[in-house]
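One point on numbering: in the working numbering, the residue at position 2 of the sequence shown is 385, and numbering is uninterrupted. Where a beta carbon is used, it is the ideal one built from N, C-alpha and C, also for glycine. Structure record follows, encoded as structure tokens.
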Amino acid sequence: MKHSTKVGIIGAGPAGLTLALLLQRKGIDCIILENRSRQYVESRVRAGLLEQNTVDLIRELGASERLDKEGLEHHGVYLSFNGVRHRVPFKELTGGRCITIYGQQEVVKDLIQANLDRGIEIVFEAHAKHIEGIETESPSIFYQHNGEEHELTCDFVAGCDGYHGIGRQHLPKETYNEFRIEYPFSWLGILANVAPSSDELIYAYHERGFALHSLRSETVSRLYIQVENDDTVDNWPDEKIWEELSIRLGAEGWSLQSGPIFEKSITPMRSFMIDNMQYGRLFLAGDAAHIVPPTGGKGLNLAVADIRFLASALTNWYDNQDDSLLQSYSQDCLRRIWRAQDFSNFMTYLFHKQAAHGSFENLLQKSKFDYISLSKAQATTIAENYVGLKEI
Ligand code: FAD
Ligand code: DHB
């Protein structure tokens, strides 16, 4: 079966859904093809930390009714090193900016609803197989849906299909350099029905490994611990998780409340980059082009930041027949992506156990941590990267 639209979007994650809403607002037709079912993408547990820029964009798109009610603003963060805690205040260091905690699956639910309310077509369980003609003015996406073969012809293809998608496979290899770090540890993440034990997030280095205390609401806590790469959730009964979290997050006069765990999963950690995100009529955005390790909560925010550039570039092309923003798309995105890569890598090395206690590397970690409490300049560097730079 043959179909056509102006912009064919592969992937209904934060990137694809935001792009469709921005295009629709400018009267540019698009169709989203999503591999998974609606139920699956709406319940996939991942990120939770939204930068101010991301919240502002969701507001601008008129999809923030629930986010405004249920999102939890945070004006500081606790950083802890072997039980010594230091608070980095965002308000005074960043001129009043903050972060908001609101689960990615809630963002995805709200964006899907907003897309459907505005008549944007999302084809769920549509598996994009390959793309043809990206060097022509009418590329096509070939996909399978309900056991049938389909072809979607469009003016542009947006590869918003995540790290394992097909978009990146269609960029000619000679057009980019690839960079990759696989870290020698993973995160075990849990969701638990228990009130958060802290008013702010806590990132903790401990000689037994990293731990992060986050939350989803006044009654649901989200926590993570560093585990080995070959570890499995079966090795982590609930009691052992709470015990380990208590030790790693521990500080004098503070205790961690435990409760029933209802979700457990292990995520590998990697940094991944390509330094070109476009070729002909194919443009990549979000995890399709870059992965940051989760320490610092940048992935979803970067995906949305790419989309701001892509939507402006496509709008400029349709409104003014001007391709200058399309030409500069990768370069415009890369400045922010490299900044986030550096910050996520810095936070990862600062808080994870990689070297023996008392080793040279470990003592450097400790010195970096001490410097945050000693120097307002260093605390400001952390704060402005954490809440997300406004200017780039
Ligand atoms: P995705 O969300 O991966 O969406 C891509 C979509 O494309 C998927 O729905 C997929 O099913 C679909 N797709 C793939 N292949 C095809 C195909 N062939 N045909 C059709 N559809 C296809 N980020 C933050 O900003 N803050 C955080 O606090 C944070 N914490 C995290 C914690 C964890 C444990 C993890 C795993 C990630 C975290 N991230 C965080 C990262 C964040 O979740 C991702 O960066 C974000 O999902 C990227 O959005 P995206 O739209 O680019 O890709
Ligand atoms: C969360 C995840 C992160 O990676 C992070 O740095 C902060 C918060 C979260 O899921 O809440």
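Separation of residue j from residue i, as counted between CA atoms
{"i": "Ile517", "j": "Val577", "result": "50 angstroms"}
{"i": "Ala594", "j": "Ser758", "result": "24 angstroms"}
{"i": "Thr519", "j": "Thr536", "result": "11 angstroms"}
{"i": "Gln761", "j": "Lys512", "result": "47 angstroms"}
{"i": "Ser629", "j": "Gly642", "result": "13 angstroms"}
{"i": "Ile505", "j": "Ile765", "result": "38 angstroms"}
{"i": "Gly550", "j": "Leu665", "result": "8 angstroms"}
{"i": "Glu557", "j": "Glu534", "result": "27 angstroms"}
Contact check, residue i vs residue j, beta carbons under 9 angstroms
{"i": "Glu448", "j": "Cys481", "result": "no"}
{"i": "Glu646", "j": "Ile585", "result": "no"}
{"i": "Asn418", "j": "Ala509", "result": "yes"}
{"i": "Leu400", "j": "Val390", "result": "no"}
{"i": "Leu571", "j": "Tyr607", "result": "yes"}
{"i": "Asn560", "j": "Asn703", "result": "no"}
{"i": "Gln640", "j": "Ser604", "result": "yes"}
{"i": "Val428", "j": "Phe507", "result": "no"}
{"i": "Gly415", "j": "Gly445", "result": "According to the sequence displayed, residue 415 carries Ile and not Gly. Contact flag unset, no."}
{"i": "Leu462", "j": "Ala587", "result": "yes"}
{"i": "Asn465", "j": "Glu590", "result": "yes"}
{"i": "Glu767", "j": "Leu476", "result": "yes"}
{"i": "Ala686", "j": "Gly486", "result": "no"}
{"i": "Asn498", "j": "Gln407", "result": "yes"}
{"i": "Leu433", "j": "Ile495", "result": "no"}
Status (buried if at least 16 other CB within 10 Å, exposed otherwise) for residue i
{"i": "Gln435", "result": "buried"}
{"i": "Gly741", "result": "exposed"}
{"i": "Pro651", "result": "exposed"}
{"i": "Gly479", "result": "exposed"}
{"i": "Asp706", "result": "exposed"}
{"i": "Gly410", "result": "exposed"}
{"i": "Ser727", "result": "buried"}
{"i": "Gln748", "result": "buried"}
{"i": "Met730", "result": "buried"}
{"i": "Gln743", "result": "In the sequence on display, residue 743 carries Phe and not Gln. Per the 10 Å Cβ criterion, exposed."}
{"i": "Leu440", "result": "buried"}
Proximity to residue i [Cα-Cα], best of the options
{"i": "Val540", "options": "Leu693, Glu611, Phe562", "result": "Leu693"}
{"i": "Glu453", "options": "Ser695, Asn699, Ile524, Arg599", "result": "Arg599"}
{"i": "Tyr712", "options": "Gln724, Asn699, Arg722, Ala723", "result": "Asn699"}
{"i": "His673", "options": "Leu747, Glu635, Phe562, Ala430", "result": "Phe562"}
{"i": "Val460", "options": "Val610, Gly680, Asp706", "result": "Gly680"}
{"i": "Arg789", "options": "Val770, Lys556, His458, Phe734", "result": "Outside the displayed range of the chain (384 to 775) lies residue 789, so it cannot be described from this structure."}
{"i": "Gly431", "options": "Val491, Asp753, Tyr701", "result": "Val491"}
Any chain C beta carbon closer than 9 angstroms to residue i
{"i": "Asp493", "result": "Going by chain labels, chain C is absent from the structure shown, which holds only one protein chain."}
Per DSSP, the bridge partner or partners of residue i
{"i": "Tyr586", "result": "Leu462, Leu595"}
{"i": "Ile644", "result": "Ala575"}
{"i": "Cys413", "result": "Val390"}
{"i": "Ser832", "result": "This structure cannot speak to residue 832, because the chain is shown only from 384 to 775."}
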